[in-house]
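S.K.:
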Amino acid sequence: MNGLLLGPAALRDVAGRPGSCPAPSLPSSRGVAEAGRIVWLDVLRAVAVLLVTVGHVFMVGVNDGPTVSLWLPLPEGPLFGPDAYQQNVIGILGDVLTRSTGANVGGLGVGTFFLISGYVILQTIDRTPPLAFILRRVFRIFPLCIVASLAAAGVTALYCAWAGGVSPHSVRSVLFSAFALADFVGAFPVIPVLWTLRTELVFYALIAATACAVPRIRLGTLVGLAVGCLCGVLAVEACRNGSLLPASVLMIAVQVSGMLVYVNFMLIGAALYRGHSEGRRAAGAAVAGVLGVVFLLGAGPFFRAGPLGVSLADAFYSILLFVAAAWLKPRGAWTAPLRWVADISYPLYLVHVPLAWACLVLLAQAGLGPTLSGFLSLVPVTLLAWALHLGVEKPGNRLGRRLSRGVA
């Protein structure tokens, strides 16, 4: 998330640092590389960001013009002509997945990110004082989010000038998007995926606050947190059904409630880590099952109201994907490209839309087909993500680590 929001520096954090408590031993050396890099998590994060990117480019970008037009004005008619769906090979494969399993490619990726975040953030808080943890998160997340929001707004403005349209963004929407707060103030988000970043931030704050209150976050603590989140969700649902809050307050409460639903899903990953770290994998799996039930209880009202970013099928299959990666622990030279993708996963996640959508329009105007255009649109997106990783994300990580030294 973070799964996506955690770069390799964060994965080194979880391997232990001078002055921290000893890292719990892993079952074996399989899947663990030098310098504490947890290879199977890197591979899983790469798979997750690729699922999200492919879903947004090939399924949404090519086939879902109405959604894309919310961010970019589009030409009249299907972007790639009336036969675009039949020519979109990747989109057809995605639809086959959805019809056969009920899972959406992008939602599967987001669900996987949430589980990785739950696993890794609890692992990190075991070794990092809560205030230092928060300081590192701030400098890991916000510098890149600010730059990515400005870049997305700039790309949108240039595209609209070329297409003769009007940008949907204002100074206000860009400002609040830079801090992942656009939805809270009723502003249009510059980057479509910021809702997941906001959920990650709530999870970070909850885990850090809990670490301040208890000596160690145990399996029972995780259940208590999940029940508390569920109570918050049900309270908001009662207020919504009874019209007990002013519309402006209810809008914010519903946003928070939706985030709490997904926080409970992230706690499943945390339970799996805690069971592993204490050598009680069966207990961890059992608690993860309980947390899954709590997640379902909170998610019910939201899924009845309409589709969310991660469906129940997405959640189920993301758990299977996570468990499979943890069990198989992929390693070896073949994982090197995926580990590189994992390095740039956070900037790639933030910038792939709407930039890739703008590229699709330009390539369609040039007469290229949807599949080739989709792959070509990933080239500038990947290069920009790599540049932001080197120029913004890594310096921010280093600054956060330096400022957090000695923070209790």
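For the sequence shown, full-length UniProt numbering assigns the number 1 to the initial residue and increments by one for each residue that follows.
All C-beta atoms, glycine included, are put in the ideal place defined by N, C-alpha and C.
Here the structure is a predicted model, which is why all the values come from computation and not from measurement.
1) Whole-angstrom Cβ separation of THR53 and LEU378, contact assumed at under 8 Å?
2) Can you name, in chain order, every residue of its own chain whose Cβ lies under 6 Å from the Cβ of LEU355, other than the five neighbours on each side?
3) Considering only the alpha carbon of each residue, which of GLY55, GLN87, PRO143, ASN63 lies closest to ARG398?
4) For the putative contact between ALA211 and ILE217, defined by C-beta atoms under 8 Å, what is the C-beta separation to the nearest angstrom?
5) Short check: CB of GLY55 to CB of GLY111, under 8 Å?
6) According to DSSP, is ILE116 helix, strand or coil?
7) What ranges does the alpha helix (DSSP H) occupy inside the region 33-106, keeping only unbroken runs of at least 4 residues that lie completely in it?
8) Pull up the distance between the alpha-carbon of GLY165 and that of VAL353, whole angstroms please.
9) Could you pull out every residue in the same chain whose Cβ sits closer than 6 Å to the Cβ of PHE295, ignoring the five residues on either side in sequence?
10) Closest by CA to PHE133, which one among ALA315, LEU201, GLY300?
11) For LEU230 and MET59, I'd like the C-alpha separation in whole angstroms.
12) Using a 10 Å radius around the Cβ and a threshold of 16 neighbouring Cβ atoms, would you call ASP64 buried or exposed?
13) Tell me the DSSP secondary structure of ASP343 in three-state form.
14) Which residue's Cα is closest to the Cα of LEU51: VAL407, ALA163, VAL310?
15) Buried or exposed: where does VAL174 fall if 16 or more other Cβ atoms within 10 Å of its Cβ makes it buried?
16) Just the C-alpha distance for TRP195 and PRO189, rounded to the nearest angstrom, thanks.
17) Have a look at PRO168, ALA213, LEU181 and flag the residue whose alpha-carbon is nearest the alpha-carbon of ARG198.
18) With a floor of 4 residues, list each alpha helix (DSSP H) that falls wholly inside the region 343-375, ordered by position along the chain.
19) The alpha helix (DSSP H) with PHE176 in it runs from where to where?
20) In chain order, which alpha helix (DSSP H) runs of at least 4 residues are fully inside the region 153-228?
21) Between which residues of its own chain and VAL256 is the CB-CB distance below 8 Å, once the five residues before and five after are set aside?
22) For SER29, which residues from the same chain have a beta carbon less than 6 Å from its beta carbon, with the 5 sequence-adjacent residues on both sides left out?
23) So which of ILE344, LEU291, VAL171, PRO192 has the shortest CA-CA distance to GLY61?
24) Under 8 Å between the Cβ atoms of ALA286 and ILE268?
25) Quick one: grab the DSSP three-state call for ARG331.
26) Compute the beta-carbon to beta-carbon distance between ALA385 and VAL351, rounded to the nearest angstrom, for a pair I have assumed lies under 8 Å.
27) Quick check: the Cα distance between PHE139 and SER167, rounded to an integer number of angstroms?
28) Between GLN87 and THR371, how many whole angstroms is the CB-CB distance? I'm expecting something under 8 Å.
29) Report the rounded CA-to-CA distance for LEU74 versus ASN104, giving the unit in angstroms.
30) Where does ASP126 fall in DSSP's three states?
31) Report the three-state DSSP secondary structure of SER243 (helix, strand or coil).
32) In the structure shown, what three-state DSSP assignment does GLY269 receive?
33) Quick one: residues in its chain with C-beta nearer than 8 Å to the C-beta of ASP183, no 5 flanking neighbours on either side, listed in chain order?
34) Assign ARG402 to one of three DSSP states: helix, strand, or coil.
35) I need the straight-line Cα distance from LEU70 to PHE114, nearest angstrom please.
36) Apart from the five residues just before and just after ALA271, which ones in its own chain have a Cβ nearer than 7 Å to its Cβ?
M.R.: Well, looking at it:
1) Within the sequence shown, the letter at position 53 stands for residue 53. Within the sequence shown, the letter at position 378 stands for residue 378. The C-beta distance from THR53 to LEU378 rounds to 7 Å, short enough to meet the 8 Å contact threshold.
2) What you label residue 355 is simply residue 355 of the sequence shown in a count that begins at 1. Counting only Cβ-Cβ distances below 6 Å, and skipping sequence neighbours, we find VAL155, VAL381.
3) Taking the first residue of the sequence shown as 1, we reach residue 398 at position 398. Of the listed residues, the one whose Cα sits closest to ARG398 is PRO143.
4) The residue given as residue 211 occupies position 211 in the sequence shown. The residue given as residue 217 occupies position 217 in the sequence shown. Yes, ALA211 and ILE217 are in contact; Cβ-Cβ is about 6 Å, under 8 Å.
5) Along the sequence shown, read from residue 1 onward, the residue named residue 55 stands at position 55. Along the sequence shown, read from residue 1 onward, the residue named residue 111 stands at position 111. No.
6) Here residue 116 refers to the residue found at position 116 when the sequence shown is read from its first residue. Secondary structure of ILE116 (DSSP, three-state): helix.
7) The region 33-106 contains these whole alpha helix (DSSP H) runs: 39-54, 65-68, 84-87, 89-101.
8) Indexing the sequence shown from 1 puts residue 165 at position 165. Indexing the sequence shown from 1 puts residue 353 at position 353. Roughly 18 Å between the two C-alpha positions.
9) For this step, residue 295 is matched to residue 295 along the sequence shown. Here the set comprises ASN264, PHE265.
10) For the purposes of this step, residue 133 is taken as residue 133 along the sequence shown, with counting starting at 1. It is LEU201.
11) For the purposes of this step, residue 230 is taken as residue 230 along the sequence shown, with counting starting at 1. For the purposes of this step, residue 59 is taken as residue 59 along the sequence shown, with counting starting at 1. So the two alpha carbons sit approximately 33 Å from each other.
12) One-based indexing of the sequence shown puts residue 64 at position 64. ASP64 is classed as exposed because its beta carbon has fewer than 16 other beta carbons within 10 Å across all chains shown.
13) Locating residue 343 in the sequence shown gives position 343, where the first residue counts as 1. Of the three classes helix, strand and coil, the one that applies to ASP343 here is helix, per DSSP.
14) Along the sequence shown, one-based indexing puts residue 51 at 51. Nearest C-alpha to LEU51: VAL310.
15) Counting from 1 along the sequence shown, the entry for residue 174 is found at position 174. By the neighbour-count criterion, in which a residue is buried when 16 or more other Cβ atoms sit within 10 angstroms of its Cβ, VAL174 is buried.
16) Taking the sequence shown and counting its residues from 1, the one referred to as residue 195 is at position 195. Taking the sequence shown and counting its residues from 1, the one referred to as residue 189 is at position 189. Approximately 9 Å between the Cα atoms of the pair.
17) Indexing the sequence shown from 1 puts residue 198 at position 198. Nearest of PRO168, ALA213, LEU181 to ARG198, Cα basis: LEU181.
18) Here the runs fully enclosed are 345-365.
19) Indexing the sequence shown from 1 puts residue 176 at position 176. That run of the alpha helix (DSSP H) goes 171-178.
20) Whole alpha helix (DSSP H) segments, 4+ residues: 171-178, 194-213.
21) On the sequence shown, position 256 is the one that residue 256 refers to. For VAL256, same chain residues with a beta-carbon under 8 Å away, outside a window of 5 residues either side, are VAL202, GLY232, VAL236 in chain order.
22) Translated into positions along the sequence shown, residue 29 becomes position 29. Note that SER29 scores a pLDDT of 38, beneath 50, so its modelled location is shaky; the value from the coordinates is reported in the next line. Here the set comprises nothing.
23) Here the question's residue 61 lines up with position 61 in the sequence shown. Cα-wise, what sits closest to GLY61 is PRO192.
24) Start at 1 with the first residue of the sequence shown, and residue 286 comes out as number 286. Start at 1 with the first residue of the sequence shown, and residue 268 comes out as number 268. No, the Cβ-Cβ distance between ALA286 and ILE268 is not below 8 Å.
25) Mapped onto the sequence shown, residue 331 falls at position 331. When secondary structure is reduced to three states using DSSP, ARG331 falls in the coil class, being assigned neither helix nor strand.
26) Taking the first residue of the sequence shown as 1, we reach residue 385 at position 385. Taking the first residue of the sequence shown as 1, we reach residue 351 at position 351. Taking C-beta atoms under 8 Å as the contact rule, ALA385 and VAL351 qualify, at a distance of about 6 Å.
27) Along the sequence shown, read from residue 1 onward, the residue named residue 139 stands at position 139. Along the sequence shown, read from residue 1 onward, the residue named residue 167 stands at position 167. If you take the alpha carbons of PHE139 and SER167, they lie about 29 Å apart.
28) Taking the sequence shown and counting its residues from 1, one reaches residue 87 at position 87. Taking the sequence shown and counting its residues from 1, one reaches residue 371 at position 371. The Cβ separation is near 7 Å, so the contact holds.
29) Your numbering for residue 74 matches position 74 in the sequence shown. Your numbering for residue 104 matches position 104 in the sequence shown. Approximately 24 Å between the Cα atoms of the pair.
30) Position 126 of the sequence shown, counting from 1, holds the residue named residue 126. Coil, per DSSP.
31) Position 243 of the sequence shown, counted from the first residue, corresponds to residue 243. Here DSSP, grouped into helix, strand and coil, assigns SER243 to coil.
32) Here residue 269 corresponds to residue number 269 of the sequence shown, with the count starting at 1. DSSP places GLY269 within a helical segment (H, G or I) once states are collapsed to three.
33) Numbered from its first residue, the sequence shown carries residue 183 at position 183. Hits under 8 Å: PRO189, LEU194, TRP195, ARG198, GLN255.
34) Numbered from its first residue, the sequence shown carries residue 402 at position 402. In this structure, DSSP gives ARG402 a helical state, which the three-state scheme calls helix.
35) Along the sequence shown, read from residue 1 onward, the residue named residue 70 stands at position 70. Along the sequence shown, read from residue 1 onward, the residue named residue 114 stands at position 114. Between LEU70 and PHE114, the C-alpha separation is close to 26 Å.
36) In the sequence shown, counting from the first residue as 1, residue 271 sits at position 271. Excluding positions up to five away in sequence, the list reads LEU219, LEU222, GLY284, VAL287, ALA288, LEU291.
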